[in-house]
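In what follows, a structure is listed as C-alpha cells, so that the remarks can point back to it.
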Amino acid sequence: MVAVAETLHKLICDQSAKIVCLGTELRSDDKVGLLFCDFLASLGFERSRLIKCEFGLENCLNELIENKVSKALIVDAAIFTSEELHYAFVGLEDIKDFKLATTHSIPLSHVINILRSEGLLNEILILGIAAKNLDVGEEITPEVLKTSEELAHLIIKLTEECG
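Under my numbering, the first residue of the sequence shown is numbered 355, with each subsequent residue one higher.
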C-alpha cells in the first residue's frame, strides 16, 4: 500500500500527469468516474489536467495522443467481490483482480497496451470506485457519490502537499 500511496502522490504532484475519468452517464453508478472529474474541477483542480472519457478510454484516444499523456490516474467504476471495499488503487498488472464496470468496447488493459506501444501511458495508476447499481438510469447511489467526493478531497489535499 505504501508503494501505491507514493505512486499516487508522485502522479498528483507531476503537472504533466492527467486524471482520466471514465464512465457512462446513463448507467447509474457507472458515471462515478465522470462525476469524480466534475468534483475535482469544482474544488479547483486544474481543468487542463482532467480528461473525461464517456463510455471508455478508447473514446479519448485522440485527446490522449494529442496531449502526449505519459502519466495518468485512470478513474472508473468497479465491481468488487467484497461489500466492504469502497475503492481500490491498482497498477495495470493488478487490473485482472477487479472488474471495471464501464461498458468498454475494448478492454481497458488492451487500450492501455496499444497506447504504451505508442510511448503513452507509461506510468499509470487505476482508481476503481465500487459501483452498487449499474441499471439504466441517472441516479447514483448515495454511498458511491460520497466515496467519490471523499476521494476528490483526498486528491486536492495531496496537491496541497506538493512541494
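Just so it is clear, CB atoms sit at the ideal spot from N, CA and C, and this is done for glycine as well.
About 4 Å separates the CB atoms of C391 and C375; that is less than 8 Å, so the two are in contact. When beta bridges are read from the DSSP output, L479 appears opposite L427. Assignment of alpha helix (DSSP H) within the region 389-433, counting only whole runs of 4 or more residues, yields 415-420 in chain order. Between K486 and T495, the alpha-carbon positions lie close to 7 Å from each other. The count of Cβ pairs closer than 8 Å, one atom from the region 383-397 and one from the region 435-445, stays below three, leaving the stretches out of contact.
In the three-state DSSP reduction, V490 falls in the coil class, being neither helix nor strand.
Counted as a single uninterrupted DSSP element, the beta strand (DSSP E) harbouring A442 occupies residues Y441 to V444.
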